[in-house]
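Shown next, in structure tokens, is the structure this report addresses.
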Amino acid sequence: MSGPSVDLLEAARNGNEGAFDALVTAMGPRLLGYFLRQGASHALAEDLCQHVFLRILQALPRYRPSGRWEAYCLRIARNLWIDHHRKRGRFQVVQESSEEADPGPGPDEQLAVEDRAAKLRELLAKQEDSTRELLELAVLQQLPYKDVSLILEIPVGTVKSRVYYALRKLREQIHNPEHFA
Amino acid sequence: MTMEGPPQDSHPLSAQEQAQLDALAKELHDAHPEPKFSSGWQEKLHQRIWSQDQHGVAHWTLRLSMEKNPWMRVAASLLLIAVVAAPVSAVFSLMVGPKQEAFTLGFDPAIPDLPERHQESLEESPNLGDSSESFHGVHPPFGEEQEFAWSPAALEALSRSNRLALASQRWQAASQRGDLQVSLEARAKRLLDRAELLPDADWDQASEQDLWNAFLQRCSTGSLDVPETALFVRAQELRQTLSDGAPVPAGVAAWIWVADGTRLAGPEQGWAKAPFRP
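Those protein sequences? They're chains P and Z, same order as listed. Residues 1 to 181 (our numbering) are what the first sequence spells out, left to right. Residues 1 to 278 (our numbering) are what the second sequence spells out, left to right.
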């Protein structure tokens, strides 16, 4: 496994508050970014992050450090997000996502004033949910394809091909924004 | 950032395109810096976790306590078994239990293989309606296939046979007495020697003494077959020849008694020499 050391996890499992705080500090921002990019508001993302760590704390006695720690945390986060999605309804989530990804002025003006990074964030926010989630795990969270396939429950080869085509599509959208407007 | 490679079923990526996609992935990653929590978020989480843990009652949940405490799991398992066992066992017994056979009323013993002691007690029970005592061991003069053919004539013949059997029994009892045994046996022997008094004899001309001798012969030999009708007819004829008030001879009285069971009126002097009274 990677991420925090086994000793740190063992200390957290035994109730060491400092060890658990270290885990929160290391993984918290990544989880927050995950929820934000999935379309959650900042307050909702923070609340969901707390739920993730509460679940991790409850599951720590059963946790076996056989896999990647980040993938374990992100799987819990994804399950929480899906549960939240079901409870609140897709319409509201999409609305929140639109608010977060709202570029403000029209695309032409936006392209003129924003840098390339902003354009990438905008394009990523406009992707389909499945594509955005795939790029989130494979590119932004930098999880190995094997872990991505376990989280999304699809074959590794499918992950590879989808990431490839998603990046190509993103590249084309950057070069020809009018075509995809 | 380097991507793991193109899919195998697509066109092979040129090095230039691979580099472009790797650069785009890195650019995409860099375009999303890790966000920061609002101030106080981590303290809030810290308080939420550890303060609740210190107040275990508020934090207590069944699921959490079962995860932590193996005795809770054992108790929950026992409780579940206790709740489920009763209906499950009831359904199971209905499905595979022995079927109870309907009890059929009848006159045969319900348990045919009773021990011998119980069989004896059953045979001795007065409730079984055994009529052997009243008939003194006499069987009806009918075959088994005619057991229920109780026509009036058959019942009458049966009554006669029974009365003759009763007379025979009393004769046998009287013959056991020492003072009568020798004379009765000697008389019976003489009667047996007389062929004309056998059952196939001609009774139309028989005297009163012949009837009496025939009666004693039947009693002594235990011949309980229904006597010939001619014998009863002769007994009635002899009775009708008697004057009113005259004593009825023993031979006539005996066969009339066997025939219809009625006691004769009057002093019945004829019975005086009989070893028994009907």
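Idealized CB from N, CA, C, for every residue including glycine. These numbers come from a predicted model, not from an experiment.
1) Less than 7 Å between C-beta atoms, sequence neighbours within five positions excluded: which residues of the same chain meet that for L170(P)?
2) Is there a Cβ from chain Z that is less than 7 Å from the Cβ of L31(P)?
3) Below 6 Å CB to CB, which residues in the same chain sit around A71(P) once its five sequence neighbours on both sides are set aside?
4) State the DSSP-derived secondary structure class of V6(P), mapped to helix, strand or coil.
5) List in chain order: all unbroken alpha helix (DSSP H) runs of 4+ residues lying wholly within the segment 220-259 of chain Z.
6) Using the C-alpha atoms, what's the distance from I256(Z) back to P227(Z)?
7) When burial is assigned at 16 or more other CB atoms within 10 Å of the CB, is S243(Z) buried or exposed?
8) Can you name the residues of chain Z whose CB is closer than 9 Å to the CB of E17(P)?
9) Look up Y72(P) in the DSSP assignment and say whether it is helix, strand or coil.
10) How would you list, in chain order, the residues of chain P whose beta-carbon sits under 8 Å from the beta-carbon of Q20(Z)?
11) Are any of the Cβ atoms in chain Z nearer than 7 Å to that of L36(P)?
12) Quick one: list the residues of chain P neighbouring S38(Z), beta-carbon separation under 9 Å, in chain order.
13) If we cut at 7 Å on Cβ distances, does W71(Z) have a partner in chain P?
14) Report yes or no: is there a C-beta of chain P within less than 7 Å of the C-beta of A25(Z)?
15) Okay, do the segment 38-57 of chain P and the segment 61-68 of chain Z touch, 3+ Cβ pairs below 8 Å being the bar?
16) Checking 7 Å against the spacing of the C-beta atoms, do E34(Z) and P29(P) come in under that value?
17) Less than 8 Å between C-beta atoms, sequence neighbours within five positions excluded: which residues of the same chain meet that for D83(P)?
18) For R160(Z), which of S220(Z), P87(Z), L231(Z) has the nearest alpha-carbon?
19) Excluding the five sequence neighbours on either side, which residues of its own chain have a C-beta within less than 7 Å of the C-beta of E208(Z), listed in chain order?
20) Assuming A23(Z) is part of the alpha helix (DSSP H), what are its boundary residues?
21) Can you tell me whether Y145(P) is helix, strand or coil according to DSSP?
22) Spatial neighbours of K160(P) within its chain, please: C-beta separation below 7 Å, excluding the five flanking residues on both sides.
23) Going by DSSP in three states, R171(P) sits in which element: helix, strand or coil?
24) A85(Z) lies in the alpha helix (DSSP H); which residues open and close that run?
25) Quick one: does E43(Z) have its CB under 7 Å from some CB of chain P?
26) Just to confirm, are R168(P) and A31(Z) a CB contact at a threshold of 7 Å?
27) Can you give me the C-alpha to C-alpha distance between H85(P) and A118(P), rounded to a whole angstrom?
28) Helix, strand or coil for S41(P), going by three-state DSSP, please let me know.
29) Would Q141(P) be called buried (16 or more neighbouring beta carbons within 10 Å of its own) or exposed?
30) Less than 7 Å separating the beta-carbons of V52(P) and A11(P)?
31) When you compare the CB of V148(P) with every CB in chain Z, is at least one pair closer than 7 Å?
32) Please classify E153(P): is it buried, with 16 or more other beta-carbons within 10 angstroms of its beta-carbon, or exposed?
33) With a threshold of 6 Å, establish whether the CB of K160(P) neighbours any heavy atom of the ligand NAP.
34) So, is K173(Z) buried or exposed, given that buried needs 16 or more other C-beta atoms within 10 angstroms?
The structure says:
1) L123
2) no
3) If we look at A71(P) and ignore the five residues flanking it on each side, its Cβ neighbours are L143, D147.
4) helix
5) Entirely contained in the segment 220-259 of chain Z, the alpha helix (DSSP H) runs reaching 4 residues are, in chain order, 229-240.
6) 12 Å
7) exposed
8) H46, I49, W50
9) Y72(P): helix per DSSP, three-state reduction.
10) R171
11) yes
12) H42, A43, E46
13) no
14) yes
15) These segments do not touch.
16) Contact: yes.
17) none
18) L231(Z)
19) L238, P249, G251, V252, listed in sequence order.
20) The continuous alpha helix (DSSP H) containing A23(Z) extends over residues 15-30.
21) helix
22) Around K160(P), the same chain offers Y145 as residues with beta carbons nearer than 7 Å, after the five sequence neighbours per side are excluded.
23) helix
24) Note, A85(Z): alpha helix (DSSP H), 70-96.
25) no
26) no
27) 26 Å
28) coil
29) buried
30) It is not a contact, given that the beta carbons lie outside the stated cut-off.
31) no
32) E153(P) comes out exposed.
33) Ligands displayed in this structure: none; no statement on the ligand NAP is therefore possible.
34) The identity of residue 173(Z) in the sequence shown is Ala, whereas the question assumes Lys. Burial call: exposed.
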